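Taking it in order: structure first as structure tokens, then the write-up.
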Amino acid sequence: MSEVLLRTPICRALHRPALLLGAERELMLLTLLALGGLAVSAANLVATAVCSILWLGVSHFLREMAKADPRLSRIYLRHLRHAHYYPARSRPFCRA
């Protein structure tokens, strides 16, 4: 008896990461909002130039980070929630 494998087509848009300008969407928008707000609140040409140069550098870093893993910030935040040491016990309510 030969079994036929069924193939189910999956639309790429359903599992493709949400990137903006090649970086994670949330991080890029947060960076743009913070540096844009700083440039507008300073209201001079020097601050605008510094903020734009800083944004270019940070956006390049965020793009490189997204190339390594598009969900790297979420993975890092989940890593921070884990404990550094889990003692070897048979169950959570075991007495030592």
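According to this note's numbering, the stretch in the sequence shown is residues 116 to 211, in order.
Idealized CB from N, CA, C, for every residue including glycine.
Just so we're clear, the structure is a prediction, and the values are computed from it rather than from any experiment.
| Item | Value |
| --- | --- |
| Roughly how many angstroms separate the alpha carbons of residue 147 and residue 119, rounded to a whole number? | 51 Å |
| Does the beta-carbon distance from residue 167 to residue 154 come in below 9 Å? | yes |
| By a C-beta neighbour count over all protein chains shown, 10 Å radius and 16 as the cutoff for buried, is residue 203 buried or exposed? | exposed |
| Just list the residues that DSSP pairs residue 138 with in beta bridges. | 135 |
| I believe residue 181 touches residue 141 by the beta-carbon criterion, under 8 Å. Please report the beta-carbon distance rounded to the nearest angstrom. | Incorrect: roughly 11 Å between the Cβ atoms, too far for contact. |
| Pairing CB atoms from the region 120-132 with CB atoms from the region 155-174, are three or more of them under 8 Å? | no |
| In terms of residue numbering, what span does the alpha helix (DSSP H) encompassing residue 162 cover? | 160-183 |
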